[in-house]
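Numbering (this note's numbering), first residue to last: 537 to 909.
Yeah, the Cβ is synthetic: ideal placement off N, Cα and C, and Gly gets one too.
Predicted model, so just to flag it, every value in this text is computed and none were measured.
Here the structure comes first, spelled out in structure tokens, and everything after it is commentary.
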Amino acid sequence: MASRPSDILVVGAGIVGCAVAYELARRGASVEVVDERPVAMGATQASAGVLAPYIEAREDSPLLDLAVRSLNLYDDFIARVADDSGIAVPYRRTGTLDVATDESELAALRTIASVLRRRAVPSLLLDAASARAEEPLLADGVAGGLLIENHGFVAAAQLTHALVAAARRHGAQLVEQSRVRRIRRSGAEVLVDTDRGSLTSGAVVLAAGTWSGAIDIDGVMTRVPVRPVRGQLLHLGWSEPPLRRVTWSRRCYMVPWDDGTVLVGATAEEAGFDERATVSGVHDLLGAACDLTPHAWTASFRDVRVGLRPATADALPVIGASRAVPEVMYATGHFRNGVLLAPLTAQLVADAMLDGRIDPLLERVKPSRFGDL
Ligand SMILES: Cc1cc2nc3c(=O)[nH]c(=O)nc-3n(C[C@H](O)[C@H](O)[C@H](O)COP(=O)(O)OP(=O)(O)OC[C@H]3O[C@@H](n4cnc5c(N)ncnc54)[C@H](O)[C@@H]3O)c2cc1C
């Protein structure tokens with residue numbers, strides 16, 4: 537039999553594709569990752585990297601279970617990637633402070649606090665004075681807050697580069713500047729046609745983020761229904777004193793980095809595949825940041841980042857093998873939580889592809905909920 541270059545080819549070098557590639561490679565598979573852009577230059581480069589499953593905790597959604605499981609993997613995941621790559625990735629678990637500015641927002645925080653109590657997740661519901669004591673930079677007039685201690689944040693692009701380095705140490709290869717157009721079976725193999733020729737593999741992971749639906753798969757009539765939701769994010773230079781932790785209002789969140797900068801996110805816009813920043817996006821985020829903490833008026837403006845979140849109709853990711861072409865595994869549609877969900881996605885995909893273990897949670901995110909995928 538002719539030898540083929542890889543057991544598994546991963547389409548997409550965002551955080552999801554790279555986490556999957558690393559996990560597969562570290563478990564012994566031969567892996568290639570193909571992308572038309574440089575590593576992490578899709579939605580991942582714009583991500584704030586916040587790891588906060590409980591911020592919008594809704595117990596009726598499987599997203600909460602997925603996100604909590606993934607957060608629980610994060611400490612070990614970061615340590616392993618750092619070990620395997622030799623790259624230290626900025627990662628903090630300093631908690632989040634979710635701020636209410638009126639009585640109805642405070643009521644929403646009370647509901648989340650009751651979910652957290654039932655799940656024995658450490659959190660503190662704060663009145664106005666205690667919220668301002670926790671974060672002295674808050675504006676006057678806050679109504680209260682909710683402190684969730686085990687939340688955190690990670691440098692998403694740096695983590696993705698570390699994942700690639702770690703995967704390479706386990707033998708994975710990166711194929712750059714190649715746009716995948718079509719996936720088709722040929723005997724026992726899968727051919728992946730790119731604009732620079734065809735690649736051969738035993739199986740394919742489709743992790744092309746919001747562009748996943750643009751790739752033809754022979755034998756699959758329905759395109760995976762992932763749509764772009766544009767997010768704009770500001771990068772500010774901060775002056776002393778720093779914010780103590782990730783701080784949220786209904787209109788923005790702010791992420792304080794050790795290098796003295798702050799990320800302010802994020803817009804959520806239905807703007808098709810347009811990756812341009814807009815005056816209104818920047819204006820709204822600056823206004824929201826200055827309202828949350830007037831200290832933001834003293835910040836310098838570094839840049840604005842724009843990314844297209846891969847969204848699905850039910851806001852859940854699409855993870856699992858294609859029913860029509862089982863050699864194709866979907867790992868896409870991670871919408872607002874791709875960074876948070878990356879370690880769990882990698883684990884679920886590797887368990888399924890290498891060991892035939894199908895986690896019960898996959899039932900909730902299976903591709904076939906959207907038709908004959
Ligand atoms: C402003 C903003 C803030 C965010 N904040 C957070 C946050 O705080 N926490 C969190 O968990 N998530 C956050 N997200 C969401 C998170 O960034 C995404 O869910 C995640 O990056 C998706 O990763 P991905 O690998 O699926 O997609 P991407 O990062 O978009 O990667 C997909 C890759 O596939 C490649 N590709 C596409 N089509 C092809 C093709 N045909 N051939 C070859 N390559 C192809 C692209 O070039 C790209 O590199 C945020 C997103 C935005 C925009």
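Per DSSP, what are the beta-bridge partners of Gln709 in this structure? To locate residue 709, count along the sequence shown from 1; it is residue 173. In the DSSP output, where bridge partners are listed per residue, Gln709 has Glu568.
In three-state terms, what does DSSP make of Glu671? Position 135 of the sequence shown holds residue 671. In the three-state DSSP reduction, Glu671 falls in the coil class, being neither helix nor strand.
Starting from Gln883, follow the alpha helix (DSSP H) in both directions and report where the run begins and ends. Within the sequence shown, numbered from 1, the residue matching residue 883 stands at position 347. If you look at Gln883, you'll find it in the alpha helix (DSSP H) that goes Gly874 to Asp891.
Thinking Glu712 and Ala679 are a contact (beta carbons under 8 Å), I'd like their distance in whole angstroms, please. Taking the first residue of the sequence shown as 1, we reach residue 712 at position 176. Taking the first residue of the sequence shown as 1, we reach residue 679 at position 143. Contact check for Glu712 and Ala679: beta-carbon distance about 50 Å, past the 8 Å limit, so the pair fails to qualify.
Distance between Asp596 and Leu890 (C-alpha atoms, nearest Å): For the purposes of this step, residue 890 is identified with residue 354 of the sequence shown, where counting begins at 1. For the purposes of this step, residue 596 is identified with residue 60 of the sequence shown, where counting begins at 1. When rounded, the distance between both Cα atoms is 31 Å.
Return the residue from the list His870, Gly907 and Asp887 that minimises the CA-CA distance to Pro598. As a working mapping, residue 598 is identified with position 62 in the sequence shown. Proximity to Pro598 across His870, Gly907 and Asp887 peaks at His870, based on C-alpha coordinates.
First and last residue of the beta strand (DSSP E) that includes Asp663? Taking the first residue of the sequence shown as 1, we reach residue 663 at position 127. DSSP places Asp663 in the uninterrupted beta strand (DSSP E) bounded by Ser659 to Asp663.
Measuring from the CB of Thr746, is there a heavy atom of ligand 1 at a distance below 7 Å? The sequence position of residue 746 within the sequence shown is 210, counting from 1. For ligand 1, at least one heavy atom lies less than 7 Å from the Cβ of Thr746.
Rounded C-alpha distance that separates Leu673 from Ser621: Counted from its first residue, the sequence shown places residue 673 at position 137. Counted from its first residue, the sequence shown places residue 621 at position 85. Straight-line measurement puts the Cα of Ser621 at about 37 Å from the Cα of Leu673.
Sequence-distant residues of its chain with Cβ nearer than 7 Å to Ala813 (five each side left out): Sequence index remark: in the sequence shown, residue 813 carries index 277 (1-based). Answer for Ala813: Gln768, Val840 and Val842, listed in chain order.
Same chain only: Cβ atoms within 6 Å of Trp793, ignoring 5 sequence neighbours per side: By 1-based counting over the sequence shown, the position of residue 793 is 257. Contacts found: none.
Flag Met757 as yes when its Cβ comes closer than 7 Å to any non-hydrogen atom of ligand 1, and as no otherwise. Taking the first residue of the sequence shown as position 1, residue 757 is located at position 221. Checking every heavy atom of ligand 1 against the Cβ of Met757, none is found closer than 7 Å.
Exposed or buried, what is Asp908 when buried is set at 16 or more other beta-carbons lying within 10 Å of its beta-carbon? Residue numbering aside, residue 908 sits at position 372 when the sequence shown is read from its first letter. By the neighbour-count definition (other C-beta atoms within 10 Å, threshold 16), Asp908 is an exposed residue.
Coil, strand or helix - Ala555 by DSSP: Within the sequence shown, numbered from 1, the residue matching residue 555 stands at position 19. Shown here, Ala555 sits in a helix according to DSSP, grouped into three states.
So Cys554 and Val567 are in contact, right, with Cβ under 8 Å, and what is the actual spacing, rounded? Along the sequence shown, read from residue 1 onward, the residue named residue 554 stands at position 18. Along the sequence shown, read from residue 1 onward, the residue named residue 567 stands at position 31. The Cβ separation is near 10 Å, so there is no contact.
For Thr783, which option in Leu880, Thr632 and Ile753 has the closest C-alpha, if you only look at C-alpha atoms? Reading the sequence shown from its first residue, position 247 is the one you call residue 783. Of the candidates Leu880, Thr632 and Ile753, the one whose C-alpha sits nearest the C-alpha of Thr783 is Thr632.
Report buried or exposed for Val700, applying the criterion of at least 16 other Cβ atoms within 10 angstroms of its Cβ. Counted from its first residue, the sequence shown places residue 700 at position 164. With 16 or more Cβ atoms within 10 Å of its Cβ, Val700 is classed as buried.
On a CA-only basis, which of Ala698, Arg766 and Met790 is nearest Gly773? Give me that one, please. Walking along the sequence shown from the start, residue 773 turns up at place 237. In terms of CA proximity to Gly773, Met790 leads the group Ala698, Arg766 and Met790.
How far does the beta strand (DSSP E) with Asp820 in it reach, from first residue to last? Within the sequence shown, residue 820 is the residue found at index 284, counting from 1. In this chain, Asp820 is not harboured by any beta strand (DSSP E); it is covered by the alpha helix (DSSP H) spanning Val815 to Leu828.
Report the option in Val901, Leu607, Asn686 and Leu844 whose CA atom is closest to the CA atom of Val854. For the purposes of this step, residue 854 is identified with residue 318 of the sequence shown, where counting begins at 1. Looking only at Val901, Leu607, Asn686 and Leu844, the smallest Cα-Cα distance to Val854 is reached by Val901.
Using the DSSP secondary-structure output, state which residues sit across from Leu599 in a beta bridge. Position 63 of the sequence shown, counted from the first residue, corresponds to residue 599. In the DSSP output, where bridge partners are listed per residue, Leu599 has none listed.
Leu876 CB to nearest heavy atom of ligand 1 below 7 Å: The residue given as residue 876 occupies position 340 in the sequence shown. Correct: Leu876 has its Cβ closer than 7 Å to ligand 1.
Nearest neighbour of Ile591, chosen from Val604, Ala582, Val552 and Thr580 [CA to CA]: Translated into positions along the sequence shown, residue 591 becomes position 55. Nearest in C-alpha terms to Ile591, of all of Val604, Ala582, Val552 and Thr580, is Val604.
Please determine, among Arg616, Gly874, Pro777 and Ala802, the residue with the shortest C-alpha to C-alpha distance to Pro830. The residue labelled residue 830 in the question sits at position 294 within the sequence shown. Among Arg616, Gly874, Pro777 and Ala802, the Cα nearest to that of Pro830 is on Pro777.
Please report the Cβ distance between Arg629 and Gly688, rounded to the nearest whole angstrom; I am assuming they are in contact, meaning their Cβ atoms lie under 8 Å. By 1-based counting over the sequence shown, the position of residue 629 is 93. By 1-based counting over the sequence shown, the position of residue 688 is 152. Yes, they are in contact, since the Cβ atoms of Arg629 and Gly688 sit about 4 Å apart, within 8 Å.
Taking a contact to mean a Cβ-Cβ separation below 8 Å, would you say Ala692 touches Gly681 in this structure? Locating residue 692 in the sequence shown gives position 156, counting from the first residue. Locating residue 681 in the sequence shown gives position 145, counting from the first residue. No. Outside cutoff.
If I follow the unbroken beta strand (DSSP E) through Thr736, where does it start and stop? As a first step, residue 736 is located in the sequence shown; it is residue number 200 there, counting from the start. Secondary structure note for Thr736: its beta strand (DSSP E) is the uninterrupted segment Gly733 to Leu742.
Going by DSSP, what residues sit across from Pro764 in a beta bridge? Stepping through the sequence shown from its first residue, residue 764 is reached at position 228. Pro764 pairs with Pro846.
For Ser904, tell me which candidate among Val716, Ser858 and Val875 has the shortest Cα-Cα distance. Indexing the sequence shown from 1 puts residue 904 at position 368. Comparing Cα positions, the closest option is Ser858.
Assumed close pair Leu609, Pro879 - CB separation to whole angstroms, cut-off 8 Å: By one-based count along the sequence shown, residue 609 stands at place 73. By one-based count along the sequence shown, residue 879 stands at place 343. Going by Cβ atoms, the distance from Leu609 to Pro879 rounds to 4 Å, so yes, they are a contact pair.
Is Pro862 buried or exposed, if buried means 16 or more other CB atoms sit within 10 Å of its CB? Start at 1 with the first residue of the sequence shown, and residue 862 comes out as number 326. Residue environment: Pro862 is assigned as exposed (fewer than 16 neighbouring CB atoms within 10 Å of its CB, all protein chains considered).
Rounded to whole angstroms, what's the CA-CA distance from Gly892 to Asp543? Just pull it up for me. Residue numbering aside, residue 892 sits at position 356 when the sequence shown is read from its first letter. Residue numbering aside, residue 543 sits at position 7 when the sequence shown is read from its first letter. Rounded to whole angstroms, Gly892 to Asp543 spans 15 Å at the Cα level.
Is it the case that the Cβ atoms of Ala860 and Val762 are separated by a distance below 8 Å? Within the sequence shown, the letter at position 324 stands for residue 860. Within the sequence shown, the letter at position 226 stands for residue 762. No.
If you measure from the CB of Pro672, is any heavy atom of ligand 1 nearer than 7 Å? For this step, residue 672 is matched to residue 136 along the sequence shown. Answer for Pro672: no, Cβ out of range of ligand 1.
Nearest to Leu662 by alpha carbon, out of Gly808, Arg654, Glu671 and Arg573? Counting from 1 along the sequence shown, the entry for residue 662 is found at position 126. Here the closest residue by C-alpha is Glu671.
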